[in-house]
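Taken in order, these protein sequences are the chains called A and B.
Count along the first sequence from 1, then add 10; that gives the number in our numbering.
Count along the second sequence from 1, then add 10; that gives the number in our numbering.
We treat Cβ as the ideally placed atom computed from N, Cα and C, and that holds for glycine.
Accompanying notes for the structure given below.
Number of protein chains: 2
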Amino acid sequence: MKYGIVAFPSKKIQDLANTYRKRYDPHYALITPHITLKDAFDADESQIGEISKSLEEISARFAPLQIHASRISSFYPTTNAIFFRVEPTPQLESVHTSLKENINLGAPKHVFAPHITIAQKLNASEHDDIFGQLRMVGVDETDVIDRIHLLYQLEDGSWTTYETYKLTGAE
Amino acid sequence: MKYGIVAFPSKKIQDLANTYRKRYDPHYALITPHITLKDAFDADESQIGEISKSLEEISARFAPLQIHASRISSFYPTTNAIFFRVEPTPQLESVHTSLKENINLGAPKHVFAPHITIAQKLNASEHDDIFGQLRMVGVDETDVIDRIHLLYQLEDGSWTTYETYKLTGAE
């Protein structure tokens with residue numbers, strides 16, 4: 011089964027992201043707007059108890075995530091994905107590293123750049139048009155996210171939450 | 011904000027339900043296949059701490075839900091929804107009643123008939139055609155669901171999980 015670990019920002023930020031995703035993101039229907047903390051990885055159902063235990067430990071260590079979606083950016087030319095850039099912080103970096111080290115399944119596909127995707131799978135000219143527009147609109151939202159989610163993927167690509175973990179620590 | 015309380019069955023049952031929902035359920039993209047335990051209700055964000063506390067108490071009281079999706083049925087003529095009928099049990103009835111009594115927000119729209127919707131918003135002739143076919147195919151799946159989910163709804167109608175509660179009791 012395929013699993014992933016994400017943080018969902020406030021309803022306000024999710025609603026804002028969806029105004030773009032509805033039009034520009036073919037994954038719109040598969041999952042609500044999120045920050046990926048650990049890329050999708052394969053795990054056996056027998057491993058999930060141990061993974062869940064690691065997540066309990068990690069979430070007991072970290073405080074709620076302070077995030078700032080500061081501008082609209084693009085991963086071009088790596089991919090054509092457009093996203094709300096979430097300012098990297100030592101806290102986010104540290105959560106990401108802890109997840110990577112403690113749940114040693116699946117390799118990170120990219121360097122960790124926290125973000126909320128709002129457009130993807132665009133062709134080159136669509137990307138340039140849409141990014142040109144959205145970059146001017148921009149985004150400036152702060153939020154405090156007090157929990158992280160372990161998700162699993164169904165055969166049609168959609169994601170269901172397996173469990174939530176409250177961030178109750180001090181880091 | 012609008013909240014709801016559901017149980018997600020196993021990936022196997024969700025995948026099976028989605029083979030139908032993909033074609034026949036316009037809510038397909040808004041939420042993965044589920045059993046509604048408490049209909050959508052409005053609550054203020056300030057009330058959510060108390061609601062969550064009630065859910066912790068209820069989930070500590072009940073054992074994992076033993077379910078049996080026994081046949082494909084329809085709510086016609088009340089609505090044109092077609093669903094996997096989940097056999098009512100004293101346990102499911104008791105969970106539903108506890109949620110209703112302890113979270114006194116929103117009135118139940120219908121008598122509690124546990125089910126997993128696979129088709130809805132059909133016109134009368136579509137309903138008759140599709141129900142005629144699906145009823146013959148049927149369903150016969152059992153599952154043990156060890157957690158329930160509190161969800162909230164975004165402006166576009168999609169649902170995000172707020173929190174999961176593990177069923178750790180004996181009832």
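{"Item": "Would you mind working out which of B/Leu177, B/Val105, B/Glu151 and B/Thr107 sits nearest B/Lys22, comparing C-alpha positions?", "Value": "B/Glu151"}
{"Item": "Return the bridge partner residues of B/Gly14 from the DSSP annotation.", "Value": "B/Leu161"}
{"Item": "Could you check where the alpha helix (DSSP H) with A/Tyr30 kicks off and where it finishes?", "Value": "Lys21 to Tyr34"}
{"Item": "Please confirm whether A/Arg71 has its beta-carbon closer than 9 Å to some beta-carbon of chain B.", "Value": "no"}
{"Item": "Decide if the region 34-46 of chain B is in contact with the region 121-128 of chain B; the criterion is three or more beta carbon pairs, one per stretch, under 8 Å apart.", "Value": "yes"}
{"Item": "Which class does B/Asp150 belong to by DSSP, given the choice of helix, strand or coil?", "Value": "coil"}
{"Item": "Comparing the C-beta of B/Tyr86 with each C-beta of chain A, is any distance below 9 Å?", "Value": "no"}
{"Item": "Pull up the distance between the alpha-carbon of B/Ser64 and that of B/Lys176, whole angstroms please.", "Value": "13 Å"}
{"Item": "Is the distance from the Cβ of A/Gly179 to the Cβ of A/Ala70 below 9 Å?", "Value": "yes"}
{"Item": "Please identify, using Cβ separations under 8 Å, the residues of the region 135-169 of chain A that lie next to chain B, in order along the chain.", "Value": "Arg157, His159, Tyr162, Leu164, Glu165, Asp166, Ser168 and Trp169"}
{"Item": "Pick out the complete alpha helix (DSSP H) segments inside the region 51-77 of chain B, 4 residues or longer, and give them in chain order.", "Value": "58-71"}
{"Item": "According to DSSP, simplified to helix, strand and coil, what is A/Ile113?", "Value": "coil"}
{"Item": "Beta-carbon within less than 6 Å of B/Gly142's beta-carbon, same chain only, minus the 5 sequence neighbours each way: which residues are those?", "Value": "none"}
{"Item": "Under 9 Å between beta-carbons, which chain B residues line up against A/Asp25? List them in chain order, please.", "Value": "Leu164, Glu165 and Asp166"}
{"Item": "Does the region 16-35 of chain B come close enough to the region 155-175 of chain B that 3 or more CB-CB pairs lie under 8 Å?", "Value": "yes"}
{"Item": "Would you mind working out which of B/Glu181, B/Pro36 and B/Val154 sits nearest B/Ala91, comparing C-alpha positions?", "Value": "B/Pro36"}
{"Item": "Closest to B/Ile61 by C-alpha separation, out of B/Arg33, B/Tyr13, B/Tyr30 and B/Leu40, would be which residue?", "Value": "B/Tyr13"}
{"Item": "Is the CB of A/Asn28 under 9 Å away from at least one CB in chain B?", "Value": "yes"}
{"Item": "Can you find the residues in the same chain that come closer than 6 Å, C-beta to C-beta, to A/Leu115, ignoring five residues on each side of it along the sequence?", "Value": "Phe51 and Ala53"}
{"Item": "In chain order, what residues of the same chain have a beta carbon less than 6 Å from the beta carbon of B/Ser84, not counting five sequence neighbours either side?", "Value": "Ile92 and Phe141"}
{"Item": "Assign A/Thr29 to buried or exposed, taking buried as 16 or more other Cβ atoms, counted over all protein chains shown, within 10 Å of its Cβ.", "Value": "exposed"}
{"Item": "Would B/Thr127 pass as an interface residue toward chain A - the criterion being a Cβ-Cβ separation below 9 Å?", "Value": "no"}
{"Item": "Return the residue from the list A/Pro98, A/Gln57 and A/Gln24 that minimises the CA-CA distance to A/Gln76.", "Value": "A/Pro98"}
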